[in-house]
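K.L.:
Just passing along the structure, written as structure tokens.
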Amino acid sequence: MAFKRTEAVVIKALDFRETDKIITFFSRDYGKMQGIARGIRKIQTKYSGKLDLFTRVHVIFFQKMEQPHEAHPLLRITQVDVVEVFPQVKTDFHKLIGASYIAEFLHKTFEDYDASHSSVYDLVCESLRALAHADQIRPILPAFEMKLLAHLGYAPV
1 MAFKRTEAVV IKALDFRETD KIITFFSRDY GKMQGIARGI RKIQTKYSGK LDLFTRVHVI
61 FFQKMEQPHE AHPLLRITQV DVVEVFPQVK TDFHKLIGAS YIAEFLHKTF EDYDASHSSV
121 YDLVCESLRA LAHADQIRPI LPAFEMKLLA HLGYAPV
């Protein structure tokens, strides 16, 4: 049970039990991955504000030994440090819709723990940064789609 560290963007968060959340990340080193953040919904927690949607973080986690019936067990998140926050995305409705589209696109397109797409992580960070600082978001999403599809081998000829 070795601890691992990676840089990632939070793309999904689901409530789990009374005080926990299941967080889906898109990371540079491991692709899309899911982990459980214990106690994140308590009033005083070490994760306070660090695992919000579209936040870029350094995450330290470990994975218990795989059970035979589990294809991809949840990672256990032990520490999170914020690298970059995009507050403009959360305060502007259209930017929030754009960031949600990017997150959903990633969630539906990639399999868990597929580490062969590290350049996509840079594209995601660039796209979120562009969304946060742009006055017009209309050209950002098609550019993201085209670059991602080209990376996946579906580039127009």
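In terms of full-length UniProt numbering, the sequence shown opens at residue 1 and continues consecutively.
Glycine residues also receive a C-beta, built at the ideal position from the N, C-alpha and C atoms.
None of these values were measured; they are calculated from a predicted model.
1) Taking just the CA atoms, how far does Asp29 sit from Asp114?
2) So Lys64 and Arg76 are supposed to be a Cβ contact under 8 Å. How far apart are they, rounded?
3) List the endpoints of the continuous beta strand (DSSP E) containing Phe26.
4) Measuring CA to CA, which of Leu53, His58 and Arg17 is closest to Arg38?
5) How far does the beta strand (DSSP E) with Leu14 in it reach, from first residue to last?
6) When the distance is taken between beta carbons, is Lys21 closer than 9 Å to Ala13?
7) What does a CB cutoff of less than 8 Å around Ser116 pick up in its chain, not counting 5 residues either side in sequence?
8) Are Met146 and Ala132 closer than 9 Å when you measure CB to CB?
9) Kindly indicate the opening and closing residues of the beta strand (DSSP E) around Thr78.
P.N.:
Reading it off the structure:
1) In the sequence shown, counting from the first residue as 1, residue 114 sits at position 114. In the sequence shown, counting from the first residue as 1, residue 29 sits at position 29. Whole-angstrom Cα-Cα distance: 9 Å.
2) On the sequence shown, position 64 is the one that residue 64 refers to. On the sequence shown, position 76 is the one that residue 76 refers to. The C-beta distance from Lys64 to Arg76 rounds to 7 Å, short enough to fall under 8 Å.
3) The count along the sequence shown starts at 1 and reaches residue 26 at position 26. Residues Asp20 to Ser27.
4) Taking the sequence shown and counting its residues from 1, the one referred to as residue 38 is at position 38. For the residues Leu53, His58 and Arg17, the minimum Cα distance to Arg38 belongs to Arg17.
5) Along the sequence shown, one-based indexing puts residue 14 at 14. Run containing Leu14: Lys4 to Phe16, per the beta strand (DSSP E) assignment.
6) To locate residue 13, count along the sequence shown from 1; it is residue 13. To locate residue 21, count along the sequence shown from 1; it is residue 21. Against a cut-off of 9 Å, the Cβ pair of Lys21 and Ala13 comes out as a contact.
7) Your numbering for residue 116 matches position 116 in the sequence shown. Closer than 8 Å at Cβ, skipping near neighbours: Gly31.
8) Position 146 of the sequence shown, counted from the first residue, corresponds to residue 146. Position 132 of the sequence shown, counted from the first residue, corresponds to residue 132. For Met146 and Ala132, no; Cβs fall outside 9 Å.
9) Counting from 1 along the sequence shown, the entry for residue 78 is found at position 78. According to the DSSP assignment, Thr78 belongs to the beta strand (DSSP E) that extends over Leu75 to Glu84.
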